[in-house]
Amino acid sequence: MKDTRLWLAQNYGPLLAFIVFALMFYTFIARHPVGLTVPVATTAANKAVLLALIGMAQTVPVLTGGLDLSVGFMVVMTNTVASVIVVGSPLQTALGVIGVLAVGMTAGFINGAIVVYGRLQPIITTLATGAVYFGIALFIRPIPGGTVNYDFADFMTFTVFETIPTTLVLLLIVVVFIWIPFRRSTLGRGCYAAGSAEGAAYLSGVNIDRSKLAAYTMSGLLCAIAGLVLTFITGSGEASGPQGATFTLASIAAVVIGGTSLYGGTGTAIGSIFGAFILRTIDDLLFVFDLPPLWQPLFQGVVLLTAVSLGAFAVIRIRNRLDLFQ
Amino acid sequence: MLARPVIFAGAAAALVAAAAVSPAHAQEVVSGPASVEQQCFTPFAEDTKFFKFPGKEPPYKIALANGFVGNTWRIQMIKTLKAYSEQPEVAPLIDELKIVSTGTDVSAQIAAIDNFINSGFDAILTIAVNPTAFGPVIRRAKRAGVVLVPFDNVLDTDEVLQVNQDQLEMGRIMGQWLEKHLSGSGKVLEVRGLQGNSVDRDRHLGFREVMDGKDYEIIEVVGNWDDGTAQKVVADAVAVHGQFDGMYVQGGSTGAVRALMDAGHPFIPVSGEGENGFRKLCSQHSGDGLKCSSAVQSPGLVAIAAKTALTALQGETLPQYVSVPIPLTEDPDWEPGVNYFPDLTDNFFAANAWPPCGVNITATEIMAKTEADQ
Chain A
44 MKDTRLWLAQ NYGPLLAFIV FALMFYTFIA RHPVGLTVPV ATTAANKAVL
94 LALIGMAQTV PVLTGGLDLS VGFMVVMTNT VASVIVVGSP LQTALGVIGV
144 LAVGMTAGFI NGAIVVYGRL QPIITTLATG AVYFGIALFI RPIPGGTVNY
194 DFADFMTFTV FETIPTTLVL LLIVVVFIWI PFRRSTLGRG CYAAGSAEGA
244 AYLSGVNIDR SKLAAYTMSG LLCAIAGLVL TFITGSGEAS GPQGATFTLA
294 SIAAVVIGGT SLYGGTGTAI GSIFGAFILR TIDDLLFVFD LPPLWQPLFQ
344 GVVLLTAVSL GAFAVIRIRN RLDLFQ
Chain B
173 MLARPVIFAG AAAALVAAAA VSPAHAQEVV SGPASVEQQC FTPFAEDTKF
223 FKFPGKEPPY KIALANGFVG NTWRIQMIKT LKAYSEQPEV APLIDELKIV
273 STGTDVSAQI AAIDNFINSG FDAILTIAVN PTAFGPVIRR AKRAGVVLVP
323 FDNVLDTDEV LQVNQDQLEM GRIMGQWLEK HLSGSGKVLE VRGLQGNSVD
373 RDRHLGFREV MDGKDYEIIE VVGNWDDGTA QKVVADAVAV HGQFDGMYVQ
423 GGSTGAVRAL MDAGHPFIPV SGEGENGFRK LCSQHSGDGL KCSSAVQSPG
473 LVAIAAKTAL TALQGETLPQ YVSVPIPLTE DPDWEPGVNY FPDLTDNFFA
523 ANAWPPCGVN ITATEIMAKT EADQ
C-alpha cells in the first residue's frame with residue numbers, strides 16, 4: 044500500500060500526462076469520421092513519435108538542471124545529413140543510419156563538453172551551438188532536396204504486420220533499450236543527482252562531469268533518431284530554421300507537460316513522451332472540431348496552457364515547497 | 173489491449189476499401205489542351221503534362237492544409253477561400269470545406285494531409301512549407317485517388333496538379349513597364365524580397381532579364397516583402413545614393429513609397445506589389461508624378477486552386493501546372509472600390525478578380541468573412 048502511494052507520488056506527472064493524452068486521443072477518435080483505422084493510427088504515430096523523441100532528448104539535459112536549446116537544430120542537422128547518406132543499397136543505408144547517429148552523438152557530446160569543461164551556462168552554450176548546427180545543416184543542404192532510400196523510409200513510416208505503426212515500435216525499442224538502461228545506470232542516476240543537489244552529489248562522490256557529458260550525448264543521440272524519423276516522413280532533407288525553432292520550443296513544452304521539473308532532478312522521459320503525444324493530439328483535435336481557422340492558434344494556446352497548468356498542481360497541493368526536494 | 177481488435181478491424185476495412193477504390197481513381201496522363209476554359213487553365217510551359225482524373229459526382233469534400241498562418245496574406249487567403257466556396261455557382265459543388273493550419277512544422281503539415289486522405293476527402297489544397305518533403309504523401313494521395321493541389325509555394329514535382337503565377341514573368345512585366353517610363357537610361361532602385369526564397373530569385377531574374385545590358389544603373393536593397401523593412405532600406409538608399417529615376421519593389425510597396433515621400437524625394441515611376449496602401453498612394457499622387465504599376469501574387473490564388481480541384485474532380489483534362497494570369501493594374505487606371513479600396517486597410521491585397529477564369533470575389537465578400545469569424 045505504501046509502495047503504491049510512493050510510486051503514485053513519484054510518477055504523478057507522467058501518469059497525469061498519460062491520462063490527459065488518453066482522454067484527448069479518445070475524443071479525437073470518437074469524433075473522427077472513420078475512427079481508429081490503421082492509416083489514422085499511423086498518421087498520428089508518425090508525427091507523435093517524432094516529437095516524443097525530441098521531447099526525450101530535451102528531458103535528459105533538463106534532469107541535470109540544464110536546458111538544451113539546440114535540440115531542434117540537431118534534429119534539422121541530422122535530417123540534412125541523413126538526406127545525403129541514408130541512400131542506396133541496404134548496406135549503404137545501414138551504414139548511413141549509423142553515420143547519422145554518430146553525427147548526433149558528436150553534436151551532443153560537444154554541447155556537453157562545452158557545458159562541463161567550458162563551464163558555460165547550458166542555455167547560452169546550446170543557443171550558440173544550435174546556431175552552429177543550423178549553419179552546418181545549411182551548408183549540407185543549401186536548398187531542400189535529397190532522395191533517401193524510399194523502401195526503407197516507406198517501411199519506417201508504415202506499419203509492422205499491417206497493424207502496428209513502425210514508428211511506435213521504434214519508440215518502444217528506444218525506451219526499452221536506450222532510456223531504461225540509461226536511467227538505471229550510474230551515469231543516469233548521476234544526472235538526477237546533479238539536477239537535484241549538485242553540491243551534495245559531488246560531495247557524495249558522484250561523477251557529475253561524466254553524468255552531464257553523458258546526458259548531452261544522450262540528447263544528441265535521441266535527436267539523431269528523431270532526425271532519421273523526420274527524414275523518413277519527408278523523404279528528403281531541409282535546413283529549415285523555423286522547423287528547428289518549433290521543435291526546440293515543442294520539446295520544452297513536452298518536458299513540462301510530462302511532469303519534469305525545469306529545475307532538474309525530478310521527472311522522466313516517459314512523461315515527455317506523453318507530453319509530446321498531447322501536443323500532437325491538440326493539432327488533431329483541430330481536425331475533428333470545426334473551429335474557424337483563425338481561432339485555431341488561440342485554441343491550441345488555451346489547451347496547451349491548461350495542460351501545462353495541470354503539471355503545476357503537484358506544486359500547488361503540497362504545504363511546503365521543501366517537500367519537493369525530499 | 174482493447175485498441176488492437178479495433179485496429180485489426182480497421183485494417184481489414186481499409187484494405188477492402190483500398191482494393192475497391194484505387195483502380196477507379198487513378199489519374200491518367202493525357203494529351204492537352206484543357207478540356208474546359210482553356211483561357212484560364214493555361215499550361216506553365218510548352219512541355220507541361222496534362223492530367224485527367226476519373227469524374228466523380230458532386231458535391232465534394234474539399235480541404236485546405238495550410239502551413240503558416242499569421243500574416244495578412246494568409247488570413248486574406250483563408251477568407252477568400254471561404255468566400256469563393258459560398259459563391260452561388262460553387263456552393264452546390266462543395267459538400268464540406270475544412271481548413272487546418274499547422275504552422276511551420278513540415279511533419280505536422282504532412283500529417284494534416286494524411287488525415288484528410290484517411291478521412292476520405294476528395295481534394296486537398298495546400299501551400300507547402302517545403303518544396304521537396306511531400307514525395308511520400310503524394311504517393312499516398314495518388315493511391316487513395318485524392319486530388320492534391322499545391323499552390324503559391326509549389327512542390328518540385330510533376331506528379332500532382334499545381335497552381336501558381338509565373339514569378340519570372342512577373343519580374344519581366346515590371347521591368348518592361350519601368351522601361352517604358354524611363355526610356356532606356358537612369359538610376360533604378362530594386363527592392364528585393366526574402367532572401368533564399370525562389371519567388372525572390374525568380375522575380376529578380378525576370379526583372380534583370382529586361383533591364384540588364386542597357387544603360388541603367390541598378391541599386392539593389394533587400395526589403396523582405398515587408399513594409400517596415402522596405403521603408404527603412406529605401407530611406408537608407410535615398411540617403412546614400414541621392415535621387416533615383418525609377419523603383420521596383422517586390423513587396424512592402426506601401427513602405428517603400430512612404431520612404432520616398434518622407435525623404436522629400438520627387439515622385440518617380442514605381443512598379444510594386446498589389447497592396448491596397450500602395451495603390452491608395454498611387455491614385456492620390458498620380459497627378460504629382462507618382463506613376464505606378466501594380467502586379468499581385470494574390471491571396472485569391474486559392475480560388476483558382478479550388479476551381480482547379482473542382483474541375484479535376486469532374487473528370488476534365490487539365491494541365492499539370494496551371495499558370496494563373498498575373499493581375500496587373502497600371503497608372504492611370506485606379507478606380508476606387510474596384511482595384512483599390514479607400515476604406516480598407518493598407519495591408520489588404522487589392523486584386524481578387526480573374527476574368528479569364530470567371531473568378532471575381534469582391535473585397536466586400538472577403539471582408540464579410542471577417543465579420544462572420546468574429
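These protein sequence lines are chains A and B, in that order.
Oh and the first sequence: position 319 is 362 in our numbering, straight run, nothing missing.
Oh and the second sequence: position 4 is 176 in our numbering, straight run, nothing missing.
Quick reminder that beta carbons are idealized off the backbone N, C-alpha and C, glycines included.
Quantities reported herein were computed from a predicted structural model and do not represent experimental measurements.
Secondary structure of W526 (chain B), DSSP reduced to three states = Numbered from its first residue, the second sequence carries residue 526 (chain B) at position 354. Residue state, collapsed to three classes: strand.
Cα separation between R430 (chain B) and A525 (chain B)?
-> Counting from one through the second sequence, the residue named residue 430 (chain B) turns up at place 258. Counting from one through the second sequence, the residue named residue 525 (chain B) turns up at place 353. Taking the straight line joining both Cα atoms gives about 27 Å.
Residues in its own chain within less than 6 Å of Q334 (chain B) by CB, not counting five upstream and five downstream?
-> Position 162 of the second sequence, counting from 1, holds the residue named residue 334 (chain B). Closer than 6 Å at the Cβ level, and outside the excluded window around Q334 (chain B), lie P322, V326 and Y493.
Chain-ordered chain A contacts of V278 (chain B) [CB-CB under 9 Å] | In the second sequence, the residue the question calls residue 278 (chain B) occupies position 106. Ordered by position in chain A, the residues that pass the 9 Å Cβ test against V278 (chain B) are L273, I276, T277, E281, S283 and Q286.
Interface flag, P336 (chain A) vs chain B, CB-CB below 9 Å | On the first sequence, position 293 is the one that residue 336 (chain A) refers to. P336 (chain A) counts as touching chain B.
State the Cα-Cα distance for the pair M433 (chain B) and T244 (chain B), rounded to the nearest angstrom.
-> Within the second sequence, numbered from 1, the residue matching residue 433 (chain B) stands at position 261. Within the second sequence, numbered from 1, the residue matching residue 244 (chain B) stands at position 72. Approximately 24 Å, taken between the alpha carbons.
At which residues does the alpha helix (DSSP H) containing A127 (chain A) begin and terminate?
-> Position 84 of the first sequence holds residue 127 (chain A). Looking at the sequence provided, one finds Val at residue 127 (chain A) rather than Ala. Counting along the chain, the alpha helix (DSSP H) containing V127 (chain A) begins and ends at V114 to I128.
Applying the criterion that 16 or more other CB atoms from any shown protein chain within 10 Å of the CB defines a buried residue, is L305 (chain A) buried or exposed?
-> Taking the first sequence and counting its residues from 1, one reaches residue 305 (chain A) at position 262. Its Cβ having fewer than 16 others within 10 Å, L305 (chain A) is exposed.
Local conformation of G188 (chain A) per DSSP, three classes | On the first sequence, position 145 is the one that residue 188 (chain A) refers to. Strand at G188 (chain A).
Drop a sphere of 10 angstroms on the beta-carbon of R375 (chain B), count the other beta-carbons inside from all chains shown, and report buried for 16 or more, exposed for fewer.
-> Translated into positions along the second sequence, residue 375 (chain B) becomes position 203. Answer is buried; the Cβ neighbour count reaches 16.
Does the beta-carbon distance from S470 (chain B) to F450 (chain B) come in below 9 Å?
-> Taking the first residue of the second sequence as 1, we reach residue 470 (chain B) at position 298. Taking the first residue of the second sequence as 1, we reach residue 450 (chain B) at position 278. Contact flag unset, no.
Is there at least one Cβ from chain A nearer than 9 Å to A283 (chain B)'s Cβ?
-> Along the second sequence, read from residue 1 onward, the residue named residue 283 (chain B) stands at position 111. Yes, A283 (chain B) counts as interfacial toward chain A.
Chain B within 9 Å of A196 (chain A), Cβ atoms only = By one-based count along the first sequence, residue 196 (chain A) stands at place 153. Yes - at least one Cβ of chain B is within 9 Å of the one on A196 (chain A).
So what's F204 (chain A) in DSSP terms, helix, strand or just coil?
-> Translated into positions along the first sequence, residue 204 (chain A) becomes position 161. Coil at F204 (chain A), not helix or strand.
Validate contact between the region 108-122 of chain A and the region 149-158 of chain A using beta carbons, cut 8 Å, 3 pairs | yes
Among A:V345, A:F71 and A:T86, the one whose alpha carbon lies nearest that of F201 (chain A) = Working through the first sequence from its first residue, we reach residue 201 (chain A) at position 158. If we check each option's Cα against that of F201 (chain A), A:T86 comes out closest.
Reference F223 (chain B), options B:A235, B:D330, B:L253 and B:M249, closest by Cα | By one-based count along the second sequence, residue 223 (chain B) stands at place 51. Of the listed residues, the one whose Cα sits closest to F223 (chain B) is B:D330.
Close Cβ partners of K359 (chain B) (< 6 Å) along its chain, the five nearest in sequence each way excluded = Here residue 359 (chain B) is taken as the residue at index 187 of the second sequence, counted from 1. E389, F416 and D417, listed in sequence order.
Residue environment, I316 (chain A), which counts as buried when at least 16 other CB atoms sit within 10 Å | By one-based count along the first sequence, residue 316 (chain A) stands at place 273. Buried.
Skipping 5 residues on each side, what residues in its chain have a beta carbon closer than 8 Å to that of A296 (chain A)?
-> Counting from 1 along the first sequence, the entry for residue 296 (chain A) is found at position 253. Taken in chain order, the residues that qualify are G318, L322, L347 and V351.
Ends of the beta strand (DSSP E) at Q334 (chain B)?
-> Against the second sequence, residue 334 (chain B) aligns to sequence position 162. Segment Q334 to N336, the beta strand (DSSP E) holding Q334 (chain B).
At least one CB of chain A closer than 9 Å to the CB of A206 (chain B): is that the case?
-> Here residue 206 (chain B) is taken as the residue at index 34 of the second sequence, counted from 1. By this cut-off, A206 (chain B) is not an interface position.
Span of the alpha helix (DSSP H) holding R311 (chain B)?
-> The sequence position of residue 311 (chain B) within the second sequence is 139, counting from 1. From DSSP, the alpha helix (DSSP H) with R311 (chain B) extends over G307 to A316.
How about the region 275-289 of chain B and the region 82-99 of chain A: do they share at least three Cβ pairs that are nearer than 8 Å?
-> yes
Ends of the alpha helix (DSSP H) at K233 (chain B)?
-> Numbered from 1 along the second sequence, position 61 holds the residue referred to as residue 233 (chain B). No alpha helix (DSSP H) holds K233 (chain B); the beta strand (DSSP E) holding it covers Y232 to N238.
Is it right to say E445 (chain B) is buried, meaning 16 or more other beta carbons lie within 10 angstroms of its own, or is it exposed?
-> Taking the first residue of the second sequence as 1, we reach residue 445 (chain B) at position 273. Classification of E445 (chain B): buried, given that the 10 Å Cβ count is 16 or more.
Give the secondary structure of P82 (chain A) by DSSP, where H, G and I count as helix, E and B as strand, and everything else as coil.
-> Translated into positions along the first sequence, residue 82 (chain A) becomes position 39. Helix.
Are K479 (chain B) and C212 (chain B) close, meaning C-beta to C-beta below 9 Å?
-> Within the second sequence, numbered from 1, the residue matching residue 479 (chain B) stands at position 307. Within the second sequence, numbered from 1, the residue matching residue 212 (chain B) stands at position 40. For K479 (chain B) and C212 (chain B), yes; Cβs fall inside 9 Å.
Just grab the DSSP bridge partners of R323 (chain A) for me.
-> To locate residue 323 (chain A), count along the first sequence from 1; it is residue 280. The partner list for R323 (chain A) (beta bridge, DSSP) is empty, contrary to what the question assumes.
When burial is assigned at 16 or more other CB atoms within 10 Å of the CB, is I167 (chain A) buried or exposed?
-> Position 124 of the first sequence, counted from the first residue, corresponds to residue 167 (chain A). The residue in question, I167 (chain A), is exposed, as its Cβ has fewer than 16 Cβ neighbours within 10 Å.
Partner residues on chain B for K255 (chain A), Cβ-Cβ distance less than 9 Å | Indexing the first sequence from 1 puts residue 255 (chain A) at position 212. Under the 9 Å cutoff, chain B gives no residues; its nearest Cβ is about 30 Å from K255 (chain A).
Closer than 9 Å to chain A by CB, N511 (chain B) | Position 339 of the second sequence holds residue 511 (chain B). No, N511 (chain B) lies away from the interface with chain A (no Cβ there is under 9 Å from its Cβ).
Hey, is A293 (chain A)'s beta-carbon within less than 9 Å of any beta-carbon in chain B?
-> Translated into the one-based positions of the first sequence, residue 293 (chain A) becomes position 250. Answer yes: the Cβ-Cβ gap between A293 (chain A) and chain B drops below 9 Å somewhere.
Under a three-way DSSP split, which group does F332 (chain A) fall into?
-> The count along the first sequence starts at 1 and reaches residue 332 (chain A) at position 289. In this structure, F332 (chain A) counts as coil in the three-state DSSP scheme.
Is C192 (chain A) close to chain B, meaning its C-beta is less than 9 Å from at least one C-beta of that chain?
-> For this step, residue 192 (chain A) is matched to residue 149 along the first sequence. First, the residue type needs correcting, since residue 192 (chain A) is Asn and not Cys in the sequence shown. With 9 Å as the cut-off, N192 (chain A) does not count as an interface residue toward chain B.
Identify the continuous beta strand (DSSP E) that holds L500 (chain B) and give its terminal residues.
-> The residue you call residue 500 (chain B) lines up with position 328 of the second sequence. L500 to E502 is the span of the beta strand (DSSP E), which, as asked, contains L500 (chain B).
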